[in-house]
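Residue numbers (the working numbering): 14 to 247. Let me begin by presenting the structure, written as structure tokens, before commenting on it.
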Amino acid sequence: MSTPHNQATVGEIAKTVLMPGDPLRAKFLAENYLEDVHQFNSVRNMFGYTGTYKGKKVSIMGSGMGQPSIGIYSHELYNFYDVESIIRIGSCGAMQENIHLRDIIIVQGACTDSNFAHQFELPGTYSAISSYELLEKAVNQAKEKGVTYHVGNVIASDLFYHADKGSTEKWAHMGCLGAEMESYALFANAAYYGKKALTLLTVSDSLVTQEETTAEEREKTFTAMMEIALEIAE
14 MSTPHNQATV GEIAKTVLMP GDPLRAKFLA ENYLEDVHQF NSVRNMFGYT
64 GTYKGKKVSI MGSGMGQPSI GIYSHELYNF YDVESIIRIG SCGAMQENIH
114 LRDIIIVQGA CTDSNFAHQF ELPGTYSAIS SYELLEKAVN QAKEKGVTYH
164 VGNVIASDLF YHADKGSTEK WAHMGCLGAE MESYALFANA AYYGKKALTL
214 LTVSDSLVTQ EETTAEEREK TFTAMMEIAL EIAE
């Protein structure tokens, strides 16, 4: 079957999908790391690919920006394409002084200013967390690769340009390591549908020092995070 957002048929997508926000990062990753690559989606230029990595079937697909977008794609992957695990591989802004450009954040949990979870009609505030099984594997891979990594909370915001100029400091004071825009929705969908999810983030800019990487660097040089995700794909 196909959906309004995905032209793939059942069986074309692997049990584990790596999801960068940028579809060009999905294209780069598929072309440089996968063998026997087949493109299963180009609807709205949200490229999706399936191939093999060290003999195991893996899919890679862009998620777009923001929680509504990853909410759509993860819902369809989990429910219509028999996907068991989604590993978001994205970029973020560092919110702590000890976190530097190109460090990796392995996301344990996601705070949010979004109303995404209202649909579940919960009598309280939902804490969206990642799969510990995937998180543990990612930590072990990061140690093995000798990369600098951090594990903890991030803020998954609906707002890139925030009218409250003090919002970063408020979330940082609560221990958030970085700011991004997708993980809460991904983790919430995974929990609701009994699936697995994890987010790996490479620091693209610092909200503390104002340092930043270029768009091309974000597309093509965040390879350590990509390799960790490929290694832990089930």
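Idealized CB from N, CA, C, for every residue including glycine. Note that the structure is a prediction, hence the values are computed from the model and not measured.
Member of the options whose CA lies at the smallest distance from the CA of residue i
i    : options                   : result
I241 : Y205, Y197 and T215       : T215
S72  : V160, I100, K150 and Y162 : I100
Y197 : Y206, T212 and K183       : T212
L190 : P36, K40, Y91 and N111    : N111
L47  : K40, Y66 and R38          : Y66
L37  : S87, T22, E247 and T234   : T234
I96  : E230, A21, Y174 and D177  : It should be pointed out that residue 96 corresponds to Val in this sequence rather than to Ile. Cα-wise, what sits closest to V96 is A21.
K69  : V30, G137 and Y91         : V30
R231 : G61, Q52 and D116         : D116
V274 : V221, G188 and A228       : Any property of residue 274 remains undetermined from this structure, which presents the chain solely from 14 to 247.
Y139 : E225, A123 and A228       : A123
K40  : G84, K28, E25 and Y62     : Y62
E193 : F93, A107, Y145 and K183  : A107
F53  : I85, M78, I83 and T16     : T16
Y94  : E182, K208 and H175       : K208
A27  : Y91, L42, N45 and P81     : Y91
W184 : K158, Y205, V221 and Y206 : V221
E229 : S104, H131, Y86 and E25   : S104
Beta-carbon proximity check, residue i vs residue j, cutoff 8 Å
i    : j    : result
Q121 : S143 : yes
S98  : A201 : no
M239 : I102 : yes
H18  : V56  : yes
I119 : A151 : yes
D171 : D126 : yes
F129 : G84  : yes
T226 : L114 : yes
As assigned by DSSP and simplified to three states, the class of residue i
i    : result
I112 : coil
S87  : helix
N128 : coil
S82  : helix
A201 : helix
L243 : helix
S196 : helix
K28  : coil
A228 : helix
K69  : strand
T236 : helix
N297 : Nothing about residue 297 can be read from this structure; the chain reaches only from 14 to 247.
Contact belief for residue i with residue j at Cβ below 8 Å, rounded distance in angstroms
i    : j    : result
G34  : M59  : Not really, about 10 Å apart at Cβ, beyond 8 Å.
A237 : V160 : 5 Å
Y162 : A155 : 4 Å
L147 : I245 : 6 Å
F133 : Y205 : 6 Å
Range covered by the alpha helix (DSSP H) that runs through residue i
i    : result
M59  : Here M59 belongs to no alpha helix (DSSP H), and DSSP marks it neither H nor E.
T181 : S180 to H186
N45  : P36 to Y46
Enclosing beta strand (DSSP E) for residue i [first to last residue]
i    : result
V216 : K209 to S219
N153 : Segment Y145 to K158 is the alpha helix (DSSP H) holding N153; no beta strand (DSSP E) there.
G106 : S98 to A107
H175 : Premise fails: H175 is in no beta strand (DSSP E) and is neither H nor E.
Any non-hydrogen atom of the ligand ZN closer than 7 Å to residue i Cβ
i    : result
R231 : Ligands in the displayed structure: none, and consequently the ligand ZN is not present.
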